[in-house]
Structure formats: structure tokens, C-alpha cells
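Chains as they are written, first to last, in numbering that gives the first Met the number 0: chain A, 0 to 425; chain B, 0 to 83.
As C-alpha cells, the structure follows; a few thoughts come after it.
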Amino acid sequence: MAPERVVVTGLGVVAPNAHGKDAFSRALREGKSGIRFHQHLRDCGLACQVGGIPEGIDELLPRYFTEEERLVTNANITFAVIAAVDAWTDAALPRIPADVDEVDWDSGALIGTGCGSVDVIAEKLVPATNAGKVRRLGSTMVEQSMVSGNSARIGGLLALGNKVSTNSSACNTGNEAVIEAFRHIREGRAKRMLAGGSEGHSKYSWAAGDAMKVTCRTHNDTPEKASRPMSATAGGFVPGSGAGVLALESLTSARERGARIYAEVLGGHVNSGGHRMGGSMSAPNPEGVRRCIRAAIAMAGVRPEEIDAINGHLTATFADPHEIASWRDALDLAPSKMPLIHATKSMIGHALGAAGGIECVASVLELYEGFVHGSLNCEDLHPALTAYADRIPHATVLMPEMRVMAKASFGFGDVNGCIIFRKFEN
Amino acid sequence: MDQKEVFDAIIAILKPFVKNRDALATVALETAIQKDLKVNSARLVDIVLEIEDRFGIEVKDEDAEKVRTVGDAVTLVLREATHA
Numbered sequence: 000m001a002p003e004r005v006v007v008t009g010l011g012v013v014a015p016n017a018h019g020k021d022a023f024s025r026a027l028r029e030g031k032s033g034i035r036f037h038q039h040l041r042d043c044g045l046a047c048q049v050g051g052i053p054e055g056i057d058e059l060l061p062r063y064f065t066e067e068e069r070l071v072t073n074a075n076i077t078f079a080v081i082a083a084v085d086a087w088t089d090a091a092l093p094r095i096p097a098d099v100d101e102v103d104w105d106s107g108a109l110i111g112t113g114c115g116s117v118d119v120i121a122e123k124l125v126p127a128t129n130a131g132k133v134r135r136l137g138s139t140m141v142e143q144s145m146v147s148g149n150s151a152r153i154g155g156l157l158a159l160g161n162k163v164s165t166n167s168s169a170c171n172t173g174n175e176a177v178i179e180a181f182r183h184i185r186e187g188r189a190k191r192m193l194a195g196g197s198e199g200h201s202k203y204s205w206a207a208g209d210a211m212k213v214t215c216r217t218h219n220d221t222p223e224k225a226s227r228p229m230s231a232t233a234g235g236f237v238p239g240s241g242a243g244v245l246a247l248e249s250l251t252s253a254r255e256r257g258a259r260i261y262a263e264v265l266g267g268h269v270n271s272g273g274h275r276m277g278g279s280m281s282a283p284n285p286e287g288v289r290r291c292i293r294a295a296i297a298m299a300g301v302r303p304e305e306i307d308a309i310n311g312h313l314t315a316t317f318a319d320p321h322e323i324a325s326w327r328d329a330l331d332l333a334p335s336k337m338p339l340i341h342a343t344k345s346m347i348g349h350a351l352g353a354a355g356g357i358e359c360v361a362s363v364l365e366l367y368e369g370f371v372h373g374s375l376n377c378e379d380l381h382p383a384l385t386a387y388a389d390r391i392p393h394a395t396v397l398m399p400e401m402r403v404m405a406k407a408s409f410g411f412g413d414v415n416g417c418i419i420f421r422k423f424e425n
Numbered sequence: 000m001d002q003k004e005v006f007d008a009i010i011a012i013l014k015p016f017v018k019n020r021d022a023l024a025t026v027a028l029e030t031a032i033q034k035d036l037k038v039n040s041a042r043l044v045d046i047v048l049e050i051e052d053r054f055g056i057e058v059k060d061e062d063a064e065k066v067r068t069v070g071d072a073v074t075l076v077l078r079e080a081t082h083a
């Protein structure tokens, strides 16, 4: 039996610069930064005191959660639920009411997270346990502290009966979820999968990166300039948060429903570099990166020159020039022939486990609407990237004829993921 | 504190956890917390904690386990509040 073709029929996003696909598209086109100064980070002595935190979320809660559910949520789960429900609704999929005993056995969710609900663990579970007040924790700690709390909540809200799980591979998490969900549908195991990633804005998870000195500490007074992928003055990534979820669906199911199709997932590959050949816990083995990109392209059945744009990992660390060299080597194209290269993180920071999900939503919107957003804050391009200068847009470029977009993420642990999206063609 | 005050306070505590919202309209002392109001059994521990905080009492696990109806909860609170 031929593998199922897999298409994107719904989009949901909670990003530091916008909530919802329409507002997010506008924000991308306008180059709207969601990076702000946060006093609570300064108060805790973090060197990086800027970050990307979705705004206006409290006002949204009654639309997505019952009164009881609001007692049992936190930033990570809240972002995941909003993005997933939005993607489901955007796909015009029916919701089974909570009091109806029916299950959608053909739909599932794979929603990853990098750090889970660290805020709940740090602020409630650990202090109460250490104080001998475990009884006071009540019933809500398990579902909030378990890493799969995000996908579990979504599964219940939408009565999902297929695979419901949470993956984790650091900054590759969201991409990995989309790739694995794509394969799940492709193999005929599900008709529909919500796929992406979520991440809360816990100062505790951000403190870990701060201590490692991999976050930006040079732009606390100019937050919108802080996230500088591909810049000569990039000084580390700016932590971000939020969620991005795609509704993936078999083409057969989408056609039966008459669903709107945003794009097709042509191929995807996940691998790792084994912490060898230049790779380590914190740096990618370039051979692993090249193999990942090539495998995704081979599965997609496209030629490198057919790729119109790359939505890179590009976090604003020393690794950016190495990443672009790996793209060049993998595609075997001269710098002047490379696809357009851009970094969504320049507007929203690095949303860690949510990054791949949010940036996949950006990539699919760009493909569907025919534009490539500009990369902010790299007017002073890194000297190693001079040859690519005209391939890196600083403002939105309209590309109505764009057909193919590559999206990659590379994570701590030397893990890689690359996806090839194509505008849907019958 | 009379029975009516305790009853109203307990209903206010239960309200966020009630899945059968229609049953709230006719709630009475004999209304069963799980069977009629469809409160998730896992949430009973949270309800007990809130009752303790609201009335300044301590509820023993064995007493909490015997509570089936709203009236059982009211009786328990009135008894413990008298002892406190």
C-alpha cells in the first residue's frame, strides 16, 4: 500500500509577538518583536533580563478552560492547549462535548516540551515537600508535573483516541514532533495528528541557560535588538516561550472533509551526531546536520535548487555560521544560489521545546501566503556570512511563486530535525 | 455559624469542580457530590483542603472518606467546628 500523503489543515500559535495565525502572520510580515525586558529576571540576578513571553493570556483562559481546568494549569500546559485547540478549530474539525461518551479514535496528539512545567515543580512541589507539607499539595501536582501534562490535557479536551504523547529532544522537540506525527499518519496509523511543541516561561529553566552563559546579556536596555541571529554582534540566544501546533492530516481524510489545505509535508528526518566529529552535548556534529538535511530532502524527492527558503534553527550564538555552512554543504549549492535564509527567532527569541512548533507554523503560513519574513537585527552580518548577504532578507519579501520551504531545528544533545514543506499541489 | 451558612460555603467551594452544572440549580443536602454533581473523585482532596482553610478545621482522612453527600460535608464541618 502506498504511503498516505500528509497535509497541514490547521494552525495554532501562541508566540511572544502574537496569538493566533492571522495576528502571527501580520507580526511576521511587519517584523514585530515580542522580546521585552522583564524585571523578575533582573531581580533573580540573571545576566539576560530580556525574553519572549506571550502577552494577554489571562484574558484568553475562559475561552479555553473550564473553571476546574484553570485550577490545574500552568504556562506550559496553557500555551499548549490554546495552540492545539486553535489548530483543531482552524482545521474545522468537530469537538466532541465533554459530557458525550464518544472518542475520536482516528486522531491523536504529539506535543513536545523541552523543560515541562518547571515552574510548578520549583514553586509548589519542591517547597511543600521540603517543608513536610505534602498533604497540602492536593491532587493537581501529578498532572502538572508529569512531562506529558501538555498532551494529556489536549487529549482530554478533544476526546482524542489515537496516540497521545509528549516527546522531548531539547531545541529540536517541536520539529521532532511534527516529523514523527507526519510519519505516524503516513504509515496509516492515524488520520489526524496535532503536532508541535510548548514551553512555559519559567525563570528556572531560563536560569540554567543563563548560568551556562549561552544567553544574550548585552541588550537588556534594548530588548527588541537582543535576538540577533546571523549578526556579527550576536551574543547568545534570547529565551522565549509559547506553543505552535500543526493539524496534520492524511490527504485522504482532508479531501473527504473538503478541508482547506495549507501545505503538504513532503519529507522529514531526525538524527543525532553522537557527540563526535565536532559534536558535543552543546554543539552539533556538522556531519550529522548534513546527513539530516540530505535525508529529509531525499524523502521529499525534491532537488536542492527547488528549495525556495530555509527557516533555520539560527539562535544567535556562535553556531549560526556553522549551521549555514552545513546547509550549503548539504545542498551543494554556491552561496549565491542558496535559498533565502531567515530566522523567526529574531522576533520571538528561542522558545526551546516550542521553537520548532512555532517556526513550523511560521513556515507554513509563509508558504501558503507567499512571503518570506525578514530577519531582524542582522544588518551587521557576521563576517563569515558575507557571501550570503543577498540571500538573507532584512524585511519581508513577497514570493507568490514560492513552492518549497525547509525548516530545521538542532538541539542540545547533538540532535537534529529537518522538514520539507511544499505548497499543496493536486 | 448555622447550617445554611456552611451549606452555602460548601457549595461555593464545590462549584468550580462540578461537571453537572444543571444539578447545581437543585442542589440540596441529599445531593451526592460524585454521583449527582459529577465531581472528579481525584479532586476530593482539593475540596477537603479548601474546606479546612475556609472553616479553620482539620479533617481526618477517615472522616473525609465517609462523605458522600453535601449534607455529609455540612455535618462534618459543623461537628469539627464545634470541637475547634
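Backbone N, C-alpha and C define an ideal beta-carbon position, used for all residues, glycine too.
### Message
Please report whether the beta-carbon of residue 361(A) lies at a distance below 9 Å from any beta-carbon of chain B.
### Response
Start at 1 with the first residue of the first sequence, and residue 361(A) comes out as number 362. Residue 361(A) does not count as touching chain B.
### Query
Any residues in the stretch 33-54 of chain B with a beta carbon nearer than 7 Å to a beta carbon of chain A? Which ones, in chain order?
Under the 7 Å Cβ criterion, the stretch 33-54 of chain B contributes 41, 42, 44, 45, 48.
### Query
Quick one: which chain B residues come within Cβ less than 8 Å of residue 137(A)?
To locate residue 137(A), count along the first sequence from 1; it is residue 138. Simply 44, 45, 48.
#### Entry: Chain-ordered neighbours of residue 397(A) on chain B, where CB pairs are closer than 9 Å
Your numbering for residue 397(A) matches position 398 in the first sequence. For residue 397(A), there are no neighbours in chain B by C-beta distance under 9 Å, as the nearest C-beta there is about 49 Å away.
#### Entry: Given residue 397(A) as reference, the closest of 2(A), 28(A), 14(A) once Cα atoms are compared
Numbered from 1 along the first sequence, position 398 holds the residue referred to as residue 397(A). Its Cα nearest to that of residue 397(A), the residue 28(A) stands out among 2(A), 28(A), 14(A).
### Message
Let's see if you can read the secondary structure: which residues bound the alpha helix (DSSP H) around residue 40(A)?
### Response
Reading the first sequence from its first residue, position 41 is the one you call residue 40(A). Run containing residue 40(A): 38-42, per the alpha helix (DSSP H) assignment.
### Query
Span of the beta strand (DSSP E) holding residue 144(A)?
As a position in the first sequence, residue 144(A) is number 145, starting the count at 1. Here residue 144(A) belongs to no beta strand (DSSP E); instead the alpha helix (DSSP H) covers 140-144.
### Beta-carbon proximity list for residue 113(A), same chain, < 6 Å, skipping 5 on both sides
Start at 1 with the first residue of the first sequence, and residue 113(A) comes out as number 114. If you ignore the 5 residues before and after residue 113(A), its C-beta comes within less than 6 Å of the C-beta of 169, 172, 198, 351, 352, all in its own chain and listed in chain order.
### Task
Please confirm if residue 14(B) has its CB atom under 9 Å from at least one CB of chain A.
Locating residue 14(B) in the second sequence gives position 15, counting from the first residue. Taking Cβ atoms only, chain A reaches closer than 9 Å to residue 14(B), which makes this a yes.
#### Entry: Span separating the alpha-carbon of residue 337(A) from that of residue 307(A)
Within the first sequence, numbered from 1, the residue matching residue 337(A) stands at position 338. Within the first sequence, numbered from 1, the residue matching residue 307(A) stands at position 308. Here the alpha carbons of residue 307(A) and residue 337(A) stand approximately 8 Å from one another.
### Query
residue 419(A) lies in the alpha helix (DSSP H); which residues open and close that run?
Taking the first sequence and counting its residues from 1, one reaches residue 419(A) at position 420. Here residue 419(A) belongs to no alpha helix (DSSP H); instead the beta strand (DSSP E) covers 414-421.
### Beta carbon proximity, residue 18(B) to chain A, threshold 9 Å
Taking the first residue of the second sequence as 1, we reach residue 18(B) at position 19. Closer than 9 Å to some Cβ of chain A, the Cβ of residue 18(B) qualifies, so yes.
### Query
On the premise that residue 243(A) lies in contact with residue 356(A), defined as a C-beta separation below 8 Å, what is that separation, rounded to the nearest angstrom?
Counting from one through the first sequence, the residue named residue 356(A) turns up at place 357. Counting from one through the first sequence, the residue named residue 243(A) turns up at place 244. Taking a contact as a CB-CB distance under 8 Å, the pair residue 356(A) and residue 243(A) counts as one, their CB atoms being some 3 Å apart.
### Task
Would you decide whether residue 451(A) is buried or exposed? Buried here means 16 or more other CB atoms lie within 10 Å of its CB.
With chain A running from 0 to 425 in the structure shown, residue 451(A) is simply not present.
### Message
Residues in the same chain with beta-carbon distance under 7 Å from residue 392(A), minus the five sequence neighbours each way, listed in chain order, please.
### Response
Residue numbering aside, residue 392(A) sits at position 393 when the first sequence is read from its first letter. Contacts found: 339, 341, 371, 373, 374.
### Query
Per DSSP, residue 370(A) forms a beta bridge with which residues?
Position 371 of the first sequence, counting from 1, holds the residue named residue 370(A). Looking at the DSSP assignment, residue 370(A) forms a beta bridge with 397(A).
### Message
By the three-class DSSP mapping on this structure, what secondary structure does residue 310(A) have?
### Response
One-based indexing of the first sequence puts residue 310(A) at position 311. Of the three classes helix, strand and coil, the one that applies to residue 310(A) here is strand, per DSSP.
### Query
If you measure beta-carbon to beta-carbon, which residues of the stretch 62-78 of chain A are closer than 7 Å to chain D?
This model lacks chain D altogether; the protein chains it does include are A and B.
### Query
With a CB to CB cut of under 8 Å and the five nearest residues on each side skipped, what residues in its chain are close to residue 179(A)?
Walking along the first sequence from the start, residue 179(A) turns up at place 180. Setting aside the 5 residues that flank it on each side, residue 179(A) is surrounded in the same chain by 109, 166, 194, 269, each with a C-beta closer than 8 Å to its C-beta; the list follows chain order.
### Query
Does the count of Cβ pairs from the stretch 216-225 of chain A and the stretch 68-78 of chain A closer than 8 Å reach three?
The stretch 216-225 of chain A vs the stretch 68-78 of chain A: no contact.
### Message
Excluding the 5 residues flanking residue 135(A) on each side, which residues of the same chain have their C-beta closer than 6 Å to its C-beta?
### Response
Within the first sequence, residue 135(A) is the residue found at index 136, counting from 1. A distance below 6 Å between beta-carbons, with the five flanking residues on each side excluded, links residue 135(A) to the following residues of its chain, in chain order: 127.
### Neighbour-count burial assignment, residue 325(A), 16 or more Cβ in a 10 Å radius
Position 326 of the first sequence, counting from 1, holds the residue named residue 325(A). Buried.
### Query
Under a three-way DSSP split, which group does residue 360(A) fall into?
Residue mapping note: residue 360(A) aligns to position 361 of the first sequence, counting from 1. Note: residue 360(A) maps to helix in three-state DSSP.
### Message
Just verifying my parser: in three-state terms, what is the DSSP assignment at residue 196(A)?
### Response
Working through the first sequence from its first residue, we reach residue 196(A) at position 197. Note: residue 196(A) maps to strand in three-state DSSP.
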